[in-house]
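Heads up, the thing below is written out as structure tokens.
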Amino acid sequence: MTADREKSAYILMFTSRKCFAPLRFPHGTLIPMIIGEIKRYLRDNNAIRVSRSVRDLACHALQAKEELSHRLANEPTPAQISEYMTEKGDPHTAEEIVSALEAITAPVSLYDPVYGDGSDQVYVMDQLSDNSGGEDAWLENIALREAMKNLNEREKKILSLRFFRGRTQMEIAAEIGISQAQVSRLEKGALERIKKQM
Numbered sequence: 060m061t062a063d064r065e066k067s068a069y070i071l072m073f074t075s076r077k078c079f080a081p082l083r084f085p086h087g088t089l090i091p092m093i094i095g096e097i098k099r100y101l102r103d104n105n106a107i108r109v110s111r112s113v114r115d116l117a118c119h120a121l122q123a124k125e126e127l128s129h130r131l132a133n134e135p136t137p138a139q140i141s142e143y144m145t146e147k148g149d150p151h152t153a154e155e156i157v158s159a160l161e162a163i164t165a166p167v168s169l170y171d172p173v174y175g176d177g178s179d180q181v182y183v184m185d186q187l188s189d190n191s192g193g194e195d196a197w198l199e200n201i202a203l204r205e206a207m208k209n210l211n212e213r214e215k216k217i218l219s220l221r222f223f224r225g226r227t228q229m230e231i232a233a234e235i236g237i238s239q240a241q242v243s244r245l246e247k248g249a250l251e252r253i254k255k256q257m
């Protein structure tokens with residue numbers, strides 16, 4: 060990705076230099092051209108396409124949020140941002156502002172590490188809970204309960220909370236009184252033993 064950006068920057072500089080005419084445009088066209096090319100590159104190479112109007116709204120909302128943060132000395136709510144923008148002549152609902160800000164937020168992979176102590180890493184997916192309780196899950200739950208009979212009490216509790224009650228590793232760690240990394244290690248070890256049994 061960095062190589063692509065460097066290549067694009069070199070092409071951009073060459074193109075801008077080719078079009079640069081200081082005698083025709085003495086007030087400098089190079090800087091606006093470079094800024095325009097950078098914006099075009101970022102827009103065209105983004106994984107998710109966001110409309111210009113949504114990006115503009117998000118940009119204005121971020122500016123309003125920063126101004127309000129300084130004025131209020133704390134983080135403003137979407138309703139406060141909406142009210143502030145309306146006062147400035149740019150009326151939008153709080154829902155529109157939240158949607159615009161979410162649209163420009165970079166997506167996060169479930170496999171992105173959140174924490175790592177060298178030997179064991181915690182990923183985003185380890186901090187999510189599953190509250191679906193689908194109809195097909197009951198058979199899997201029965202098989203898992205049978206396999207869990209050979210585990211010690213602590214491992215049983217961790218797997219029960221994690222897979223039957225949909226708790227996150229952080230919640231389990233707080234309930235049991237150990238670190239989240241320890242929960243992760245115990246969970247992985249217990250799952251490995253269950254895999255060998257099945």
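Position in the sequence shown counted from 1, then plus 59, gives you this note's numbering. Each residue gets a CB set at the ideal place from its N, CA and C atoms; glycine is no exception.
Nearest to residue i by alpha carbon, out of the options?
i: V183; options: H129, A206 and Q239; result: Q239
i: A165; options: R108, I70 and Y69; result: R108
i: Q241; options: L187, E214 and R252; result: E214
i: L121; options: M144, K208 and L220; result: M144
i: R221; options: L101, Q186 and R252; result: Q186
i: E212; options: P135, L127, Y174 and A249; result: A249
i: A159; options: E205, H119 and K98; result: H119
Note down the Cα distance separating residue i from residue j, rounded to an integer number of angstroms.
i: K255; j: R244; result: 17 Å
i: R114; j: E96; result: 17 Å
i: G225; j: G175; result: 23 Å
i: D171; j: D63; result: 22 Å
i: H151; j: A123; result: 12 Å
i: E230; j: I70; result: 50 Å
i: I94; j: R111; result: 16 Å
i: Q139; j: S128; result: 10 Å
i: R130; j: R102; result: 32 Å
Mind reading off the beta-carbon distance from residue i to residue j? Whole number of angstroms is fine, and I expect it under 8 Å.
i: P137; j: I156; result: 5 Å
Is residue i helix, strand or coil when you go by DSSP?
i: Y174; result: strand
i: V181; result: strand
i: L210; result: coil
i: V109; result: coil
i: I70; result: helix
i: R226; result: coil
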